[in-house]
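In full-length UniProt numbering, the protein residues as written are 1 to 323.
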């Protein structure tokens, strides 16, 4: 058996974690092998991904339930007739959905950069990764690199993809992690060898998998007015002390959208909420998302300096990681 941890430099645990959100996607198209390898070269602690499924039940690394925004599918005439309209989290969406294509078909697509203001030179060079391939990128790094996969749109995936033996999307997700030896509570010896955080916006999925893995989990939190996809609560309710006290039995932290912690006013920082203090009082970590270095994502307070933003969140707000 390959000893992937032979004399590897360990994960740093003395400062907040740097999480490469979809890889180094400011440079290279998101969720591709090249984006993850670049992030590892650049020193990330964790590589982050979104897990969805193909029609034939393979788990893939892809953010959107539709392929339209980040692949070349619109130009692929053989797939022209495969557009569908489905209800996703209460909204009708039309497009080419990952759940309508086999892994082989998905692998034939080429990934492209999501944003027009980012470098387009890598468009068409890379294909969609499987969850297994993503894990192997982390395990073959020359130092210990953690993984941070998201159980993405589980209600939708379980509606459209069926696995043998009555297994659910969440079962397949955890099985994949266990296959590669990802297990153990936060900071345990097992965890430090193969660091893992499991994230989801769906609290019922995190509660469900708590019976099959003791790996650390984080509940993602959207804008406060948005309803959850599975329990029909608003995320405002999810940030209440009562709910946080309940969910802490299953998760070690929360991953809020940063504007939920500090609502902006006219692109300036407004007054900070007490969400971080309340989470920390319950011994929950806080890993906010998403920190992007382009000017259009930076509040005026930071004078177009992304490092000023990191500094503010780490020193003034005291978060435990940055996406």
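Don't be surprised by glycine CBs; every beta carbon is placed ideally from N, CA and C.
According to DSSP, simplified to helix, strand and coil, what is residue i?
i, result
"residue 245", "helix"
"residue 200", "strand"
"residue 70", "coil"
"residue 161", "coil"
"residue 220", "strand"
"residue 264", "strand"
"residue 143", "strand"
"residue 166", "helix"
According to the neighbour-count rule (16 or more other Cβ atoms, all chains shown, within 10 Å of its Cβ), is residue i buried or exposed?
i, result
"residue 120", "exposed"
"residue 48", "buried"
"residue 307", "exposed"
"residue 293", "exposed"
"residue 178", "exposed"
"residue 194", "buried"
"residue 268", "exposed"
Return the first residue and the last residue of the alpha helix (DSSP H) that residue i is part of.
i, result
"residue 278", "275-281"
"residue 258", "258-261"
"residue 172", "169-179"
"residue 82", "Residue 82 -> no alpha helix (DSSP H), and no H or E assigned at all."
"residue 192", "189-193"
"residue 149", "It is not in any alpha helix (DSSP H) - residue 149 instead sits in the beta strand (DSSP E) that spans 146-151."
"residue 136", "131-139"
"residue 37", "33-41"
"residue 55", "Neither: residue 55 is in no alpha helix (DSSP H) and is coded neither H nor E."
Kindly list the residues whose CB is nearer than 7 angstroms to the CB of residue i, restricted to its own chain and excluding five residues on each side of it in sequence; keep chain order.
i, result
"residue 282", "244, 245 and 248"
"residue 62", "31, 50, 52, 98 and 128"
"residue 114", "30, 69 and 70"
Could you name the residues of the same chain whose beta carbon sits closer than 6 angstroms to that of residue i, not counting the 5 residues immediately before and after it, in chain order?
i, result
"residue 313", "319"
"residue 250", "206, 207 and 210"
Tell me which residues share the same chain as residue i and place their Cβ nearer than 8 angstroms to its Cβ, disregarding the 5 neighbours each side in the sequence.
i, result
"residue 305", "298"
Is residue i near residue j, with beta carbons less than 8 angstroms apart?
i, j, result
"residue 289", "residue 255", "yes"
"residue 99", "residue 161", "yes"
Residue i: beta carbon under 7 angstroms from a heavy atom of the ligand FMN?
i, result
"residue 309", "By its list of ligands, the structure shown contains no ligand whatsoever, and the ligand FMN lies outside what it can speak to."
What are the start and end residues of the beta strand (DSSP E) that includes residue i?
i, result
"residue 20", "17-20"
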